Amino acid sequence: MAELPGRVGRAFRDHNAFEEMEAGRYESTVTPFDGVVTVDAVDDGRLQFHVTVRVPMLDKVTEDHVADVVEEGWYETFALRIEDIGGVTAADHNLDPTVERERRQAVVRVSFADINERRGVDDAGAVIDYVEGTFVQGIIPGYQYTDPVTSLVDSARQAGGSSDAPQ
């Protein structure tokens, strides 16, 4: 693999949604979840972006016990919704995400290549935003949630103009 060009670091710094953790590895600063992007230079001048987002399983973010069957159904629905990620990027990357359970988390991984580092960074951010939004869409009413769910729901309600308190 070729050395990572300096333009990649500049694109991430200019984006303001990422913090460099080490060379070629950037962490999202705009989601409460673990959103990480690693970048590799490919010999043909393109950049390979690898996006990983870890979100908690429901039982990890509720005060109540979530039955195994409910959590399994939530996970299956989350994974199916993630498959619809295709339209969130500026470039037509033909994304093929994977979703796996690791301990008490659902881990989403997506990779794509782009010649344009700024568009690639924007698209990596869009993938992370999509995963966060998909998680929020899957919140099941009737449970007492903890952070980060309560903060996400509160932010969404404020953005939508609702004054209801989060569940």
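Number 163 in UniProt numbering belongs to position 163 of the sequence shown; there are no gaps in the numbering.
Each residue gets a CB set at the ideal place from its N, CA and C atoms; glycine is no exception.
Bear in mind the structure is a predicted one, so any value in this text is a computation, not a measurement.
Quiz prompt | Outcome for E132 when other beta-carbon atoms lying within 10 angstroms are tallied against a minimum of 16 | solution = Classification of E132: buried, given that the 10 Å Cβ count is 16 or more.
Quiz prompt | Start and end residues, beta strand (DSSP E) containing H50 | solution = L47 to P56 is the extent of the beta strand (DSSP E) around H50.
Quiz item: Counting contacts by CB-CB distance shorter than 9 Å, is P148 in contact with chain C?
Solution: Here there is only one protein chain, and chain C is not present.
Self-check item: Sheet register partners of G35 (DSSP bridge)
Solution: Beta bridge pairing from DSSP links G35 with V53.
Self-check item: Limits of the unbroken beta strand (DSSP E) element including R25
Solution: Going by DSSP, R25 is part of the beta strand (DSSP E) stretching over R25 to S28.
Practice problem: Tell me whether the beta-carbon of V42 lies closer than 9 Å to the beta-carbon of T52. | Solution: No, Cβ-Cβ distance for V42 and T52 is not below 9 Å.
Quiz item: Where does A165 sit, in a helix, a strand or coil, going by DSSP?
Solution: The predicted model places A165 with a pLDDT of 47, which falls under 50 and marks its position as unreliable; any figure quoted below should be read in that light. DSSP places A165 in coil when its eight states are reduced to three.
Quiz item: Apart from the five residues just before and just after T89, which ones in its own chain have a Cβ nearer than 6 Å to its Cβ?
Solution: Only residues of its own chain outside the window of five on either side were considered, and among them D123 and A126 have a CB closer than 6 Å to the CB of T89, listed in chain order.
Self-check item: For T134 and V61, believed in contact at Cβ under 8 Å, the rounded distance
Solution: No, V61 and T134 are not in contact; Cβ-Cβ is about 15 Å, not under 8 Å.
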